[in-house]
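Asks:
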Amino acid sequence: MGSVQIVTTILAAAITAVAVWLAVRAVMKMTAVIRLGQPAPERFSDKGARTRTMLVETAGHTRMLKWGVVGAAHWFVMVGFIVLSLLVLEAYFEVVTPTGGLPIIGHWTVFGLATEIITVLGLIGILVLMVIRLRNRPTRPGGRSRFTGSTMWQGYFVEWIVLLVLIFGLLIRGFKVATDHFEYPLWATPVSHAVGAVLPDWSDGASVAALIKIAISMTWLIVISLNVTMGVAWHRFLAFPNIFFKREPAKPAGSGLGALRPMTSQGKPLDFEEADPEKDQFGVAHVEQFSWKGLLDFSTCTECGRCQSQCPAWNTGKPLSPKLLVLSLRDHAYAKAPYLLAGGGKDLTGEEKATQAQLAHLDVLALAEADKPLIGTAEEGGVIDPDVLWSCTTCGACVEQCPVDIEHVDHIVDMRRYQVLIESSFPSEAGVMLRNLENKGNPWGAPQNTREDWTKGLDFEVPRVGEVDDFEYLFWVGCAGAFEDRAKKTTRAVATLLNEAGVKFAILGEGETCSGDPARRIGNEFVFQMLAQQNVETLNEAFEGRDKTKRKIVATCPHCFNTLGNEYGQLGGEFEVVHHTQLLAHLVATGKLTPVQPVDGGVTYHDPCYLGRHNRIFAAPREVLGDAIEGDLTEMPRNSERSFCCGAGGARMWMEEKIGKRINVDRVEEAMATGAKTVAVGCPFCSTMLNDGVNGKGAGEQVEVIDVASVLLRSVKPEQPQGGKETAPIGG
Ligand code: SF4
Ligand code: SF4
1 MGSVQIVTTI LAAAITAVAV WLAVRAVMKM TAVIRLGQPA PERFSDKGAR TRTMLVETAG
61 HTRMLKWGVV GAAHWFVMVG FIVLSLLVLE AYFEVVTPTG GLPIIGHWTV FGLATEIITV
121 LGLIGILVLM VIRLRNRPTR PGGRSRFTGS TMWQGYFVEW IVLLVLIFGL LIRGFKVATD
181 HFEYPLWATP VSHAVGAVLP DWSDGASVAA LIKIAISMTW LIVISLNVTM GVAWHRFLAF
241 PNIFFKREPA KPAGSGLGAL RPMTSQGKPL DFEEADPEKD QFGVAHVEQF SWKGLLDFST
301 CTECGRCQSQ CPAWNTGKPL SPKLLVLSLR DHAYAKAPYL LAGGGKDLTG EEKATQAQLA
361 HLDVLALAEA DKPLIGTAEE GGVIDPDVLW SCTTCGACVE QCPVDIEHVD HIVDMRRYQV
421 LIESSFPSEA GVMLRNLENK GNPWGAPQNT REDWTKGLDF EVPRVGEVDD FEYLFWVGCA
481 GAFEDRAKKT TRAVATLLNE AGVKFAILGE GETCSGDPAR RIGNEFVFQM LAQQNVETLN
541 EAFEGRDKTK RKIVATCPHC FNTLGNEYGQ LGGEFEVVHH TQLLAHLVAT GKLTPVQPVD
601 GGVTYHDPCY LGRHNRIFAA PREVLGDAIE GDLTEMPRNS ERSFCCGAGG ARMWMEEKIG
661 KRINVDRVEE AMATGAKTVA VGCPFCSTML NDGVNGKGAG EQVEVIDVAS VLLRSVKPEQ
721 PQGGKETAPI GG
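Taking my numbering as reference, the numbering of the sequence shown is continuous, increasing by one, and the terminal residue is 732.
#1: On the CB-based measure, 16 or more other CB atoms within 10 Å of its CB, does K725 come out buried or exposed?
#2: Looking at C-alpha atoms only, which residue of V96, P185, V18 is the closest neighbour of I6?
#3: Start and end of the alpha helix (DSSP H) containing W476?
#4: Please report the distance separating the alpha-carbon of G650 from that of Q419.
#5: Does DSSP classify K440 as helix, strand or coil?
#6: Mapping the DSSP letters down to three states, classify K552 as helix, strand or coil.
#7: Who are the Cβ neighbours of I730 in its own chain at under 8 Å, not counting the five residues just before and after it?
#8: Compute the Euclidean distance between the alpha carbons of A628 and V399, then round it to the nearest angstrom.
#9: Quick check on DSSP: helix, strand or coil for H579?
#10: List the residues that DSSP assigns as beta-bridge partners of D707.
#11: Would C514 and N442 be called neighbours here (beta carbons separated by less than 9 Å)?
#12: Excluding five sequence neighbours on each side, which residues of the same chain lie with their C-beta closer than 6 Å to the C-beta of T99?
#13: Mapping DSSP to helix, strand and coil, what is E274?
#14: Going by beta carbon distance, what residues of the same chain come within less than 6 Å of F475, once the five residues before and after it are set aside?
#15: Please classify Q289 as buried or exposed, where buried requires at least 16 other C-beta atoms within 10 Å of its C-beta.
#16: So A493 and S710 are in contact, right, with Cβ under 8 Å, and what is the actual spacing, rounded?
#17: Closer than 8 Å: is that where the CB of Q5 sits relative to any heavy atom of ligand 2?
#18: For S192, count neighbouring Cβ atoms within 10 angstroms of its own Cβ and tell me buried if that reaches 16, exposed if not.
#19: Have a look at D204, H580, E379 and flag the residue whose alpha-carbon is nearest the alpha-carbon of G682.
#20: Please report how far the alpha carbon of E452 lies from the alpha carbon of V462, in whole angstroms.
#21: Counting C-beta neighbours from all protein chains within 10 Å, is the total for S391 16 or more, i.e. buried, or is it exposed?
#22: Do you know how far the Cα of L498 is from the Cα of P241?
#23: Can you tell me which of V468, A360, D371 puts its alpha carbon nearest to the alpha carbon of E351?
#24: Since V352 sits in a beta bridge, which residues does DSSP pair it with?
#25: Classify S225 as helix, strand or coil using the three-state DSSP reduction.
#26: Can you give the beta carbon distance from T393 to P312, rounded, assuming they're within the 8 Å contact cut?
#27: Between the segment 200-210 and the segment 15-22, are three or more C-beta pairs nearer than 8 Å?
#28: Could you name the residues of the same chain whose beta carbon sits closer than 8 Å to that of S425, not counting the 5 residues immediately before and after it, in chain order?
#29: Is W599 helix, strand or coil by DSSP?
#30: If we ignore side chains and look at the alpha-carbon of each, how far apart do R613 and T9 end up?
#31: Output the distance between the C-alpha atoms of G317 and Y156, rounded to the nearest integer angstrom.
#32: If we count Cβ pairs, one from each stretch, closer than 8 Å, do we get three or more for the segment 631-639 versus the segment 670-677?
#33: According to DSSP, is I124 helix, strand or coil?
#34: Rounded to a whole number of angstroms, what is the C-alpha to C-alpha distance between N691 and H586?
#35: Tell me which residue opens and which closes the alpha helix (DSSP H) that I507 is part of.
#36: What separation, rounded to the nearest whole angstrom, lies between the Cα atoms of V110 and G37?
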């Protein structure tokens, strides 16, 4: 060992020792913070599916590849990070002797070839990512960026480290080539040979380059260890457990979509017949009341901003960005952690749990952080502003896009639950809807005895459950379908088409009540459970004696469809629920309905969030339209998984939209820009929002917003007056 190697070895050992010590401390700190969360025993189920999903999502980059170029570039960088870690290990042999290499595989041509390829692709990948980050930097002229609010220096730092590590890897090899100590043939390592051809014949070059490579790698480890909230770096490790522990590992996409997580206390679902607000946690009032998976979610965020780029609230100038929400919760959790780890925290009655002695030596910043309300305005020092919390439409675009499976909607609704159930703090205009749900069983407060008014004017009898028992489908009409004039047209169209196709169906009529979706999404789990239990009882009675495959329900409202199909199981109601567009597509495909006159003038389709993203039903409505219209469907730029919300979900239908541009107007502009004369929808709330948007633009004469079922009816029965006779308005 020469004198240069003595120095390089000592320096490499010293910086590595410091980095490893800091890294161990950082991992212990992160683990301690994540363990502050509430239990989530369900996350340990089905380990086989969890392992498979984790491997597919990471090795296959299935979610990242939705963004083609970025996904591919990131894949090479990820593979480079894993495989080239071996080359960092090899550098420890090279600081000791410039001709050193990894034992066994370090002299194997296949290893030389594989690492050469990965180095080159990794270099291309990281350069692509650097260019993309620079081109999307928040300070670029014009427009909002998905990186707005991200900690940009951290992204640049990580990218430069990767680039330099790759470059110094090539320099080490180059010096070995230049000094004739390189074992791999030219055909396997042409780039290393090309680099070696321009480097001097310096015998210590490989050791010095190896030291620099180790120093760069350890600087990265030191910096990230001192910044435990640096998700852009830590996600390399945390993404694996975060994906492993996702809510529904067996779902091919969109775990965290569809059903909401039940409200839990100490990891157990809460039943309101027994729940006690003095003993049970109602929603989330403090950051440590999220589950440990929630805290892991916040720690894993890479700050990539994909969620932000798709969020309808953010894109229309509202203060909510799912990324910034997650980052606020993460920063708050880590800043408050010293206080919590010292024994601090509030019990369910609001009393401090720690003694004065326990808190005596705490940092003032941690104490100040602990005093912040989780939900509060800037003046109140709140972590999350109420306008942020209430701007969410629960559209799921953030969950859909997140490459590390963060479950934003669950977290947002958990915070809403506390605000509604304990604080009674929510946009006041939504109070009327909640009162109507409690007192009248529908959000509009319409009399229950008008639920069947939509049947008036039809030229056939609509059977009720109880009057007939050989029905195949129970037609769940929904409150909008029963009380809202436009939605009633859809209800009549569906009933007419089912009757035309000879499908045996029956309605509950006055036995139906609101599915509970708006109550659940606003956070009022109490009202949701009340309505849902009543409906589950009614439905179980209607289907008595049938097994699950024969307990078929067809619903026109995607919110009812989602709640009945995905959430009633949490309360003992197991049904086979289909959306009307699925059933209609089947009836057309099997020849039971025959479109005879194509609808012309250009048609576009708006995917409802709770049908599309939340339940992956993209094809059925398009199939129906494909059969019913002239020519091809004109797609909007944002369609299918990336469809843009209408603004009504998450109980936003019942709240005023006071900030920024109206979401429905944004969507209507996109629809109108296609030139289509018909905007087809599959949801009564989308219909209302888009109709309002079209009328607001004074385009009601040129553009028509109607349900897919009405489009089909026009094609199947062109002579039929559309939607039948109008009936009295809501509540009338
Ligand atoms: S659910 Fe939709 S509105 Fe809510 S934060 Fe996510 S993207 Fe934004
Ligand atoms: S998409 Fe996921 S990882 Fe990316 S910023 Fe949003 S929450 Fe973080």
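Even for Gly, the Cβ is constructed at its ideal location relative to N, Cα and C.
Keep in mind the model is a prediction, meaning the values are calculated, not measured.
Replies: Let me lay it out:
#1: The pLDDT assigned to K725 is 37, lower than 50, so where the model puts this residue is not dependable; a value taken from the coordinates is nonetheless given after this. Burial call: exposed.
#2: Among V96, P185, V18, the Cα nearest to that of I6 belongs to V96.
#3: From DSSP, W476 is part of no alpha helix (DSSP H) but of the beta strand (DSSP E) over 473-476.
#4: Roughly 15 Å separates the two Cα atoms.
#5: Of the three classes helix, strand and coil, the one that applies to K440 here is helix, per DSSP.
#6: Residue state, collapsed to three classes: strand.
#7: Low confidence applies to I730: its pLDDT is 43, below 50, so where it sits in the model is not reliable enough to give any reading.
#8: Cα to Cα, the separation comes out at about 33 Å.
#9: Judged by DSSP in its simplified three-state form, H579 adopts strand.
#10: According to DSSP, D707 bridges with V681.
#11: Yes. Within cutoff.
#12: The residues are H181.
#13: The three-state reading of DSSP puts E274 in coil, since its state is none of H, G, I, E or B.
#14: Its chain contains F505, I507, V554 as the residues whose beta carbon lies nearer than 6 Å to that of F475, once the 5 sequence neighbours on both sides are disregarded; these appear in chain order.
#15: Q289 should be labelled buried.
#16: Confirmed, Cβ separation roughly 5 Å.
#17: False, no ligand heavy atom lies under 8 Å from that Cβ.
#18: It counts as buried.
#19: It is H580.
#20: Rounded to the nearest angstrom, the two C-alpha atoms are 9 Å apart.
#21: Buried, by the Cβ-count rule.
#22: The straight-line gap from Cα to Cα measures roughly 47 Å.
#23: D371 is the residue among V468, A360, D371 whose C-alpha sits nearest the C-alpha of E351.
#24: Per the sequence presented here, residue 352 reads as Glu, with Val not at that position. Beta-bridge partners assigned by DSSP to E352: K346.
#25: If DSSP states are grouped into helix, strand and coil, S225 belongs with the helices.
#26: So it is a contact: roughly 6 Å between Cβ atoms.
#27: In the pairwise beta carbon analysis, the segment 200-210 is classified as not touching the segment 15-22: fewer than three pairs are separated by under 8 Å.
#28: Answer for S425: I375, P386, Q419, listed in chain order.
#29: What sits at residue 599 in the sequence shown is Val, not Trp. Strand, per DSSP.
#30: Cα to Cα, R613 sits roughly 55 Å from T9.
#31: When the Cα atoms are used, G317 and Y156 turn out to be separated by approximately 27 Å.
#32: The segment 631-639, when compared against the segment 670-677, does touch it at the 8 Å Cβ threshold.
#33: Assignment of I124 by DSSP, reduced to helix, strand and coil, places it in the helix class.
#34: The straight-line gap separating the alpha-carbon atoms of N691 and H586 is approximately 28 Å.
#35: Judged by DSSP secondary structure, I507 falls outside any alpha helix (DSSP H) and instead within the beta strand (DSSP E) spanning 505-507.
#36: Taking the CA atoms as reference points, V110 sits about 46 Å from G37.
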